[in-house]
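Colleague: In terms of the working numbering, the numbers along the sequence shown are unbroken and rise by one, the last being 167. Can you keep this structure in mind? I'll have questions shortly.
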Amino acid sequence: MEVTYQIIGTIHSPFTDQDTTPIQSIFSEAEGTIEVFPEYAEGLEGVEGFSYIILLYHFHQAKGFRLLERPFVDGSKERGIFAIRHFNRPNPIGISLVEVVSVEGNTVRVRGIDVLDGTPLLDIKPYVRQFDHRDDVRSGWVDAKHIEEVKLKSFSPKDLREHEESS
1 MEVTYQIIGT IHSPFTDQDT TPIQSIFSEA EGTIEVFPEY AEGLEGVEGF
51 SYIILLYHFH QAKGFRLLER PFVDGSKERG IFAIRHFNRP NPIGISLVEV
101 VSVEGNTVRV RGIDVLDGTP LLDIKPYVRQ FDHRDDVRSG WVDAKHIEEV
151 KLKSFSPKDL REHEESS
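Structure representation (structure tokens):
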């Protein structure tokens, strides 16, 4: 079986280096634009009515993968690639939850972008709280300490490495 995806657009952001790009959209205040190719622009009808959208994209600068990798948060121990959000994956597909600022023609302006400029866009899905939110959630090895550390001291892979080296 072969699986093929069509690139439907390009993500534009202020980030040009994956080492200084925020590791999750919740840690980013940056704005960006989602350029949907003209042949897919009609598919944006109704997007302006949503506060948030989910972007699915191809990690175009990923370099292979390992099944065990050190996560960006608490990288002291290798973990299975499917238990972390590293960009070097068997299928380098990323997801980001971003806030919709405006929709004009084939362009969606967003806030909270954590994606490299020029990233190929695979799909857009609306975030519907009633469908996507869960109350009883376990977060595996990621605990409140990890999240607070990232919030207070760092936002990118480079920042996290420098913090770990100084600790």
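Backbone N, C-alpha and C fix where the C-beta goes; we use that ideal spot for every residue, glycine too.
Using a threshold of 8 Å, state whether the C-beta atoms of Leu195 and Thr33 are closer than that.
Modeller: Given that the chain is displayed from residue 1 to residue 167, the structure contains no residue 195 and the question cannot be resolved.
Colleague: Check whether the region 48 to 56 and the region 90 to 101 touch, using three or more Cβ-Cβ pairs below 8 Å as the test.
Modeller: At 8 Å Cβ cutoff, the stretches touch.
Colleague: Taking only three categories from DSSP, how would you classify Glu42?
Modeller: Along the sequence shown, one-based indexing puts residue 42 at 42. Glu42: helix per DSSP, three-state reduction.
Colleague: Any idea which residues DSSP pairs Leu121 with across the strands?
Modeller: As a position in the sequence shown, residue 121 is number 121, starting the count at 1. In the DSSP output, where bridge partners are listed per residue, Leu121 has Gly9, Tyr57.
Colleague: Could you tell me which residues DSSP puts in a beta bridge with Leu68?
Modeller: For the purposes of this step, residue 68 is taken as the residue at position 68 of the sequence shown. DSSP, once it has assigned bridges, lists Gly80 as partnering Leu68.
Colleague: Going by C-alpha distance, which of Met1, Pro22, Ala30 is nearest Val110?
Modeller: Taking the first residue of the sequence shown as position 1, residue 110 is located at position 110. Val110 has its Cα closest to that of Ala30, out of Met1, Pro22, Ala30.
Colleague: For a test of the three-state rule: what should DSSP assign to Arg89, helix, strand or coil?
Modeller: Position 89 of the sequence shown, counting from 1, holds the residue named residue 89. Arg89: coil per DSSP, three-state reduction.
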